[in-house]
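The structure appears right after this line, and notes come after that.
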Amino acid sequence: MLLPIEFRPTGYDEKKHAPHMRILNPENGSSIVGEAGDNIGRGNRTSIYFKDESAFYEHPAAIDAALSQTSNCKIDVSTPNGPGNPFHAKKMSGKMSVFTFHWRDDPRKDQAWYDKQVRTLDSVIVAQEIDINYEASSTNSFIPGDLVDAAMRNGAGDVAANGAIKIGVDPARFGDDKSAIVIRRGRVVLSIVEYQGLDTMDLAERVDAAAKAYPAGSIGQIAVDTIGIGAGVADRLRMLYPDKHDKDGNVIKKSIVQDVNSALRVDDGRNYNLRAQIWESFLDWLGQQPCSLPNDTDLKSELCSLRYLFKGSLRLMESKEDAKRRGIKSPNKADALMLTFAYPCAEVVVVVRKHGAKRRVFDRGMGR
C-alpha cells in the first residue's frame, strides 16, 4: 500500500481492510469502493463518486442514470475522447466546475519531454493524452474541428451571401429529440433553430414563417428529411408552396419543397448512400474558405462527433441511432444543415411554342 503511514487510520490492517476493490477505514467505518458496469452505484448512497475515464464509457447515459440518486457529488475524470460525448458536453456546458491539469503544470515535465512524446507517439495519442485536444483525439471523426472553428470565426457580415436561400428541416422522430431548421445562403449559414414537442403541422408552420421572413422569391429550396414523420411535414409544405402552372396546366416551376431520403444509394464510387455524399459535400464547402457558421458549441459538437466507416470500399456515415448508443446527442442541427447540400434548387420548366407544338425545357435553377 502506497498511502504514507501517517495517513493510515488507527487499527488499519491491509490484509483485513483492503479486500478486492474495497478499502475499509476501521477508525470511522467509512470505505472506498471500486465498481464497474452500467449499473454502478445504483441503490447505494455515497458521499462522493469519482468516475474515472468517463469519456470512454460504452453506455455513459445508462451510468449517469444509475448514479443520478447515488450521490450529490459526482466527479468525472478523463482524457478527451473526441467531441460530442457526455464528458465533452459537461466540460463545455458552463454549468459545472472544471479543473484541467495540463502537462505544463507538472514540474517534472518540460518542453524536451513533450518534444520526445511528439516524435515517438501517434498524433492522435498526443492529442488525447497530452494536448487535451478534443477535436484531434478521435481517429475517425469526419469533420475536422479546425475547419469548423475557422468558419465560426467568420461573422455573417464577413462573407458574401450569394444565390438562393436554402432551408433544411430535420423533423424530430421520438422522445427527447428536437426538430431543427437551418437557413443557408451560399457560403453563409444565416440561422439555426431547434424546437421540441412540435407535431408535423406545427413544424410546417414554423418553416413557413421562417421562409416568409425573407423577400418573396428569395427562397430557392426547402429540403425536408422525409424518412419517418418528415413526409407529413413535406406534404403540408407542398400545400403552402405548390407547383406553378401556366394557363394550359403545364408546370412552369416545381415546388421549392424537396424530399430528401438520405438512405438512398448513390453511384459516385466513394459513398455508400446519399447521407455520406452530402456530408462529403459539406466538407468540401467547409474546406473552401471563407464560409460562415454560427458560433454555436452544440453545432460544433454535432459536426465533429459523428464518425465514418466503410461498407466494402464505400464510405458510410454513422447513424443517429449508433451515435446515441455511444452517448452522442442527436445531431439535429448538423443533419438539418446537411439537407441544404442534398440537391440543387427546384427546376424551372419553360414551355416553348414552336410551329404550334409545345416543347418543355428544364432549367436546373441555382446550384448547391
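Note that the sequence shown covers residues 575 to 942 in the working numbering.
Beta carbons: idealized from backbone N, C-alpha and C, even for Gly.
Distance from PRO657 to CYS878 at the Cβ level is roughly 5 Å; contact confirmed, criterion being Cβ atoms closer than 8 Å. Of the candidates HIS594, LYS894, PRO918, ARG844, ARG844 places its Cα closest to the Cα of PHE884.
Nearest in C-alpha terms to GLY731, of all of VAL840, ALA897, LEU867, ALA778, is LEU867. Excluding its 5 nearest sequence neighbours in each direction, VAL781 has C-beta neighbours in its own chain below 7 Å: ILE741, VAL743, ILE755, ILE796, LEU811, listed in chain order.
The beta carbon of VAL700 sits closer than 7 Å to the beta carbons of GLN691, VAL692 from its chain, once the five residues preceding and following it are set aside; these are given in chain order.
DSSP, read as helix, strand or coil, puts LEU777 in helix. Each residue's CA atom was taken as its position, placing ASP689 and ARG761 some 39 Å apart.
The Cβ neighbour count for ALA920, taken over all protein chains shown within 10 Å, is at least 16; the residue is labelled buried. For TYR688, the uninterrupted alpha helix (DSSP H) run begins and ends at 685-694, by DSSP. For the options SER697, LYS590, ALA746, the alpha carbon positioned closest to that of GLY802 is the one of ALA746. VAL722: member of the alpha helix (DSSP H) spanning 719-727, first to last residue. Given a length threshold of 3 residues, each whole run of the beta strand (DSSP E) inside the region 822-891 is given here in chain order: 825-827, 831-834, 882-885, 888-891.
Contact annotation, ALA663 with LYS907: C-beta distance approximately 14 Å; criterion of less than 8 Å not satisfied.
Judged by DSSP in its simplified three-state form, GLY742 adopts strand. Around THR653, the same chain offers GLU627, ALA629, GLN702, GLU703, ILE706, SER711 as residues with beta carbons nearer than 8 Å, after the five sequence neighbours per side are excluded.
The C-beta separation of SER715 from ARG900 comes to about 13 Å, leaving the pair out of contact by the 8 Å criterion. A contact between stretches requires three or more CB pairs, one per stretch, nearer than 8 Å, and the region 837-852 fails this requirement with the region 670-681.
Per DSSP, reduced to three states, the secondary structure at PHE661 is helical. Each residue's CA atom was taken as its position, placing TYR631 and LEU721 some 28 Å apart.
VAL763 and LYS786 have their C-alpha atoms roughly 17 Å apart. Secondary structure at ASP817: coil, using DSSP grouped into helix, strand and coil. GLU588 sits exposed, since fewer than 16 C-beta atoms from the chains shown fall within 10 Å of its C-beta. Judged by DSSP secondary structure, ILE796 falls within the beta strand (DSSP E) whose first and last residues are 793-799. Here PHE624 carries a strand assignment [DSSP, helix/strand/coil]. Between the region 638-654 and the region 601-618, the count of C-beta pairs closer than 8 Å reaches three or more; the two stretches touch. Burial of ALA784 is indicated by the presence of at least 16 other C-beta atoms within 10 angstroms of its C-beta. DSSP places LYS590 in the helix class (H, G or I) of the three-state scheme. Per DSSP, LYS648 is one residue of the beta strand (DSSP E) stretching across 648-651.
Look at GLU609 here: in three-state DSSP terms it is coil, with no helix or strand label. For MET912, the number of other beta carbons within 10 angstroms of its own is at least 16, and it is reported as buried.
In the DSSP annotation of this structure, the continuous segment of the alpha helix (DSSP H) that includes ILE637 starts and ends at 634-641. Judged by DSSP in its simplified three-state form, ARG682 adopts coil rather than helix or strand.
Minimum Cα-Cα distance from ASN618 among the listed residues ASP809, ALA636, SER645 corresponds to SER645. In the displayed model, ALA910 falls within a helix according to three-state DSSP.
Here the alpha carbons of ALA734 and GLN862 stand approximately 13 Å from one another.
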